[in-house]
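Peer 1:
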Amino acid sequence: MSRISKDEVKHVANLARLAITEEEATTFTKQLDDIITYAEQLNELDTTGVEPTTHVLDLKNVMRKDEPKKWITQDDALQNAPDKQDGQFKVPSVLE
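Counting the sequence shown from 1 gives a position; the numbering used here is that position plus 119.
(1) Could you give the distance in angstroms between the alpha-carbon of V131 and the alpha-carbon of L176?
(2) Which first and last residues belong to the alpha helix (DSSP H) in which A144 is found?
(3) To the nearest angstrom, report how far apart L134 and I123 are at their CA atoms.
(4) A196 to P187, Cα distance in whole Å?
(5) Could you tell me which residues DSSP pairs with K188 in its beta bridges?
(6) Rounding to the nearest angstrom, what Cα-Cα distance links K179 and V169 in this structure?
(7) Exposed or buried, which one is V128 when buried takes at least 16 other CB atoms within 10 Å?
(8) Can you tell me the Cα-Cα spacing of G206 and D194, whole angstroms?
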């Protein structure tokens with residue numbers, strides 16, 4: 120028994136704005152059914168005592184420490200600006 124129908128595959132393809140042929144719909148139906156069947160095997164595993172995780176790897180913040188440092192001055196930043204006003208870059212309005 121198929122866990123996904125050809126009509127469901129066509130519907131999902133339509134939602135994704137994909138044009139698929141009847142032959143592709145048949146192929147994808149079989150492939151997706153195989154994927155679902157494989158994924159359902161996970162339900163057979165005993166997961167008691169297994170901690171839930173959000174990621175398989177132990178992620179750590181790898182960003183550098185935020186420390187103040189000497190940067191360019193406002194005048195240096197505005198030096199090559201095509202248009203500036205009151206110490207700020209002046210750009211065309213994008214809102215009406």
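Ideal Cβ positions, reconstructed from N, Cα and C, are used throughout, including at glycine.
Peer 2: Reading it off the structure:
(1) 31 Å
(2) E141 to E159
(3) 16 Å
(4) 18 Å
(5) The partner list for K188 (beta bridge, DSSP) is empty, contrary to what the question assumes.
(6) 21 Å
(7) buried
(8) 8 Å
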